[in-house]
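Residue numbers (the numbering used here), protein chains in the order written: chain A, 15 to 385; chain B, 15 to 385; chain C, 15 to 385; chain D, 15 to 385.
4 protein chains.
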Amino acid sequence: MSFNSFGRLFRVTTWGESHGLAIGCVIDGCPPGIRLSEKDIQPALDRRKPGGSRFVTQRKESDKVKILSGIYEGVTTGTPLSLIIENEDQRSKDYSDIEKKFRPGHADFTYWVKYKWRDPRGGGRSSARETAMRVAAGAVARKTLEHILPSPLIVKGALIQIGTKKISRKRWDWQETSRNPFFCPDAKTAKDWAVYLDSIRKEGSSIGAIIEICAEGVPPGLGAPIYSKLDADLAGAMMSINAVKGVEVGSGFASASIRGERFADEMRKGKAANSQQPIFLKNNAGGILGGISTGQPIIVRFAVKPTSSILSALKTINEAGENTTIRTKGRHDPCVGIRAVPVGEAMMYLVLADHLLLHRAQMGGDNPLYS
Amino acid sequence: MSFNSFGRLFRVTTWGESHGLAIGCVIDGCPPGIRLSEKDIQPALDRRKPGGSRFVTQRKESDKVKILSGIYEGVTTGTPLSLIIENEDQRSKDYSDIEKKFRPGHADFTYWVKYKWRDPRGGGRSSARETAMRVAAGAVARKTLEHILPSPLIVKGALIQIGTKKISRKRWDWQETSRNPFFCPDAKTAKDWAVYLDSIRKEGSSIGAIIEICAEGVPPGLGAPIYSKLDADLAGAMMSINAVKGVEVGSGFASASIRGERFADEMRKGKAANSQQPIFLKNNAGGILGGISTGQPIIVRFAVKPTSSILSALKTINEAGENTTIRTKGRHDPCVGIRAVPVGEAMMYLVLADHLLLHRAQMGGDNPLYS
Amino acid sequence: MSFNSFGRLFRVTTWGESHGLAIGCVIDGCPPGIRLSEKDIQPALDRRKPGGSRFVTQRKESDKVKILSGIYEGVTTGTPLSLIIENEDQRSKDYSDIEKKFRPGHADFTYWVKYKWRDPRGGGRSSARETAMRVAAGAVARKTLEHILPSPLIVKGALIQIGTKKISRKRWDWQETSRNPFFCPDAKTAKDWAVYLDSIRKEGSSIGAIIEICAEGVPPGLGAPIYSKLDADLAGAMMSINAVKGVEVGSGFASASIRGERFADEMRKGKAANSQQPIFLKNNAGGILGGISTGQPIIVRFAVKPTSSILSALKTINEAGENTTIRTKGRHDPCVGIRAVPVGEAMMYLVLADHLLLHRAQMGGDNPLYS
Amino acid sequence: MSFNSFGRLFRVTTWGESHGLAIGCVIDGCPPGIRLSEKDIQPALDRRKPGGSRFVTQRKESDKVKILSGIYEGVTTGTPLSLIIENEDQRSKDYSDIEKKFRPGHADFTYWVKYKWRDPRGGGRSSARETAMRVAAGAVARKTLEHILPSPLIVKGALIQIGTKKISRKRWDWQETSRNPFFCPDAKTAKDWAVYLDSIRKEGSSIGAIIEICAEGVPPGLGAPIYSKLDADLAGAMMSINAVKGVEVGSGFASASIRGERFADEMRKGKAANSQQPIFLKNNAGGILGGISTGQPIIVRFAVKPTSSILSALKTINEAGENTTIRTKGRHDPCVGIRAVPVGEAMMYLVLADHLLLHRAQMGGDNPLYS
């Protein structure tokens, strides 16, 4: 069932609300023998941390993660890992002006109509704060993949569009993603975005974005038909991130417009004599065929809608069902898509780690994809 | 685990290969007391049936479904429903020219590299033939929803784009979808498509498409955070359909370009005095907020790539890893997107039925969404 | 959820009613590359078959199993195996005298009160006929274990008590279990049972029994804490068999009476120089410690109650809630415990196969228990 | 998968080691709207607490539970409950004399052989300390049952045998279970046990026990065939408790010796005119038929082996595979069966709460068992 669990064999259960005492997760199924400490997790969390630039929420959280179980003498034991981050910024903000109203585009209304109960403190469980634990768990998934696979598997994410402003693929440089506050792979576009987002921010408005996640070094054979397809799992994983409205793999929606002979990723004999890995002449498939990895980079993109908490007065109703208007003041992300980049990377790591364990179960082998 | 099962509480397990003796599924979790016979399932299967027009595969299958268990005196008993369709067209086609080669864009290579074993008969398990059982199970899900909900929930699908040719939303007429062989809601565009697809077909080529699925009458409150979000489940469900490369909800990828104040689906007081259902002034959300239904129509679109089996000679390798070329002769869909329409409808029914049972579990009530 | 599925990674879903058209199962998760045909399954089914002796139900069923999917050229492909047995003996028996009454000790009442609906034909889904598919699936699990493990793992079952008549452990001879109609390992006791059961049968009465299942050759390290313990899974598996009222492992209930120093299975250095396998001086643990196998034989016993369908008139109520009496005529097992022996063996195979795949997922390796 | 999760819809995931920083659990699926605080959980924990009498381990733990999430203004919100207990007694005991040796009867050997890694601190994850979280979660399950069901459902446990010393059923008085340190329902036997266990304790020995758990007020219709049978789930649940070697329901193993006409729980018309609930003249079934509750009290018994940590020198091997001997000094339970009583009660609550949600999913209704 698992409303709050993700994964089958590498299984993560998250808990905690935006303004509760703490947030945390339990990771069950992590293999034993992996050297792991908070230091392996913190860097990923720091990439996602609020308050990192003026373009993201100004909430103050150091997001220091603590491992409470599952480690003995610095190494995983195969028992569940319990991770916790204490919420520092629980300031008893005055929610009185919004707590009886539903913010359009926010989960306020749907939580209330479903549960007949509602936690107004920063959105409670529907807050993107939950994604901090995805990032923490993703770092453990990454360590697990590194532990099992003999050669590097690297997941990288980039913001490729804000509003209508797209990056140039010709200028794509992965190094750039760590040099600007947008995870933008194109230095020139990053500068344009800074100006654009400043204006959005000052107007108390918000804007959507598109993120691209790339997994390199995924060997062929990962994934499983029919209802555990790698792309189906990735689609579910990315769509479960707050504010995501679309997911595509490889050529994605553009595939509709392409004819078969042009779409086909033709194959040539691989270089290594004994390698199972052919060379593909294109990657319209985005690294996945029939739900199983081809050995090419896995390419996933997802679209994030604009933040629903904005300064403009919007028509809405209150809990009594009466017409009213609402304006959301306070700290907020003008573009939640920015912080979705490390979250998307984490979800990719989680899906791949889960599938690697699944593959070992059915096919055997320590590194069953390298045979 | 369930490589071949879908759903949590309304759980469908499919089995069978394209050219095996039969295909089938087991539906577990269907409530008792529902009047059900093959007549409730056959019409949906007939909509998807191969050989229905010159625009889809010419394979001959009557696709007659039989219920083997779970019914007593015409009513479901709460025990598992076993559904079966015998494969009629198992002609021992000569696969010798392709069976050692990998068709680019097809699951041939990935199944082989994963399982070290391969069923060349029509793609075996990776064939879209499996989707017949999704359609059959979807019909049972539909009956289940009708049995539980007091007012109609209707799922409708349409093909909205073939290649670069899009329908006109102004001319949208749901009635049209049953009048042309494309499930096209726009009579004029359907005519253009007929000409266009004839040329594609004659050239032995193929083309992609975009499908839109709409669920009307879904009450607010269906779905569940965080990892059982309705949109995440729908994304996984649609992406699991053969050849799908992208899924979006509501405004989808276009959301990235929209500012917050324009994106927000503002709300007004609903008409019924005691109704929980407000009026939304737009539906950019596609009927889902925070993973839970809003009561607006749920709108999902997905993109289907062009069929990989085409007449053109394509560069590829064989099982020995040598360079070669391949051409796929014989009957094939010039546009697999057409038959994906009833499959998409079925997946929508399956996700909604599963969530309705999930909702009953946590919230209670016979029709827990109407309180 | 899976009301009708068993196992996590080696997952079996059964369907079908006692007097429906057929019964069957789908096995999902079976590794590819296993040579498998109906001939591997039929012998196990023949051991359980009704009508085998005068001491079991006289229903006539040849129980011929057919594999409908998942095999190509005699080898498993990794796709789901669909198994089916047609019900031959569906004679339209007159149930009118019992169909509105509840047989004491039978699931009649509980199915009716739960589902408000009831299938009187031979007990419908609650009939032990369902266990035929467990036996079929167990044979596939056995083949899977043989395929993966380098040395033999053998499961054997025996009936060790009927009524108050127990076998003598001193006379225990596994060979005997195939020489008498009781799976009795003690030739002398088997003769006594024949006389005893004849009298029970002629009186239209029934009697309970105790079964012992032994798995030899299980390597140490199989199983998993905390909620996937091997003994917990076995307890659930055996208790799910029709009419079972108790399960114990190793010394079982007698453990309560034993002091720690006498209970402890002391350990000595194993014979093979590099073996992980110590010698245990006793086996009170029944081969499992902390939910994980020790390498000793796994010993499980379960108790079966007397068949509830008997000739004696019993006080009961009818569906209208009125007092009445009931006598059950017709063919029935005087001791259902007999046919529970192959079912218990099958459940042991299923649990072990599932745990072997689980172990591979977390620990890696082709034969991860032999390192 | 869920090595460390229990339940399907009322799902508990526990974490933490005996001598780690803390232990905890996450409860997912708890319905919203239940008034809940630490005060509802602490009494159950206090019943199980170590150091409560001289007959249980002298470890000092206050076992104060803290709820970290899932509650807003004193009421559950439907989001996951995170519960935590800090370990106070983590004294860096000297394990050097035992850490390289395997205690016979303990999970030392099996954890080491499985994970190639071992946490010697008090048994790590295999310690019964984990059961504190079962008790905490069980208290939440109890509140959930009370919230949903209109009439009281009460679970009670008793120790009924220590060594060969059994209680007298004639003297059974539930009130007594809270008046002696053994949860013994028979005052006279409790006195005998005190003398007996004192001698066991002084000799540094240990002894097994049998526990009986009774659930009163369970309405008929709870549970589900075939692989979610109430008794199968209870058997798995109880067998998953540390040191348990056998589980039985109703007449249990004694059922083997009883003839059908004597075993049958005959039925008479219930008192309430419109009640579904008949009167049963006996309860050999232990309240469950066909895996579904009958409305009679549910009776489960389980046997606990003697503690493996004892003072006597026992033959064993060390991690190097060499012969040696071991004696376990320090604080230990002479009879772990005593503290298993509240754990067994908790498992009963957990299984029933899970099944109540399952039943609502399939059958609908707020209190679907009272129709």
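By construction, the Cβ of each residue, glycine as well, lies at the ideal position given by its N, Cα and C atoms.
It should be emphasised that the depicted structure is a prediction, and the values quoted were computed from it without experimental measurement.
Taking its Cβ as the centre, do 16 or more other Cβ atoms sit within 10 Å of residue i, making it buried, or is it exposed?
i, result
"A/V40", "buried"
"A/T410", "Outside the displayed span of chain A (15 to 385) sits residue 410 of chain A, for which this structure offers no information."
"D/T178", "exposed"
"C/T339", "exposed"
"C/E102", "exposed"
Give the secondary structure of residue i by DSSP, where H, G and I count as helix, E and B as strand, and everything else as coil.
i, result
"D/V149", "helix"
"B/S242", "strand"
"C/E113", "coil"
"D/T158", "helix"
"A/F123", "helix"
"D/S271", "helix"
"C/D368", "helix"
"C/D42", "strand"
"C/F24", "coil"
"A/F393", "Given a span of 15 to 385 for chain A in the structure shown, any question on residue 393 of chain A remains unanswerable."
"B/R62", "helix"
"D/K128", "helix"
"B/K180", "strand"
"D/Y86", "strand"
"A/I55", "helix"
"C/V79", "strand"
"D/I48", "coil"
Under 8 Å, do residue i and residue j count as touching if we go by C-beta distance?
i, j, result
"D/A249", "D/F24", "no"
"C/M253", "D/A246", "yes"
"A/I168", "A/G218", "no"
"C/P234", "C/S165", "no"
"A/T191", "A/A172", "yes"
"B/T386", "B/P348", "Absent from the structure is residue 386 of chain B, since the part of chain B shown begins at 15 and ends at 385."
"D/A229", "D/M362", "yes"
"A/T27", "D/D42", "yes"
"D/G300", "D/G264", "yes"
"A/S176", "A/Y210", "Strictly speaking, residue 176 of chain A in this sequence is Ile, with Ser absent from that position. Yes; because the gap between Cβ atoms is below 8 Å, this pair is in contact."
"C/L95", "C/G88", "no"
"A/L82", "A/I99", "no"
"B/L383", "B/I302", "no"
Just by C-beta distance, which residues in the region 46–57 of chain B are closer than 8 Å to chain C?
-> P46 and G47
Name, going along the chain, the residues of the region 22–34 of chain C whose beta-carbon falls closer than 7 Å to a beta-carbon of chain B.
-> R22, L23, R25, T27, W29, G30, E31 and G34
Length at least 4, wholly inside the region 193–269 of chain A: the alpha helix (DSSP H) runs in chain order | 201–216 and 244–253
Where the region 224–253 of chain D meets chain C: residues whose CB sits under 7 Å from a CB there = I224, P234, G235, A238, P239, I240, Y241, S242, K243, D245, A246, D247, A249, G250 and M253
Going along the region 154–178 of chain B in order, which residues come within less than 9 Å of chain D, judged by CB to CB distance?
-> Cβ contacts with chain D: I162.
Scan the region 366–379 of chain B for residues whose Cβ lies nearer than 8 Å to a Cβ of chain D and list them as they occur along the chain.
-> L371, L372, R374, A375, Q376, M377, G378 and G379
Which of the residues in the region 82–102 of chain B, read from start to end, lie with their CB under 8 Å from any CB of chain D?
-> G92 and T93
Going along the chain, which unbroken runs of the beta strand (DSSP E) with 3 or more residues stay wholly within the region 275–336 of chain C?
-> 312–318 and 328–331
Where the region 328–344 of chain A meets chain B: residues whose CB sits under 7 Å from a CB there = Within the region 328–344 of chain A, the qualifying residues are L328, K329, T330, I331, G335, E336 and N337.
May I ask you to list, following chain order, the residues of the region 287–316 of chain A that have a beta carbon less than 8 Å from some beta carbon of chain C?
-> Residues: none.
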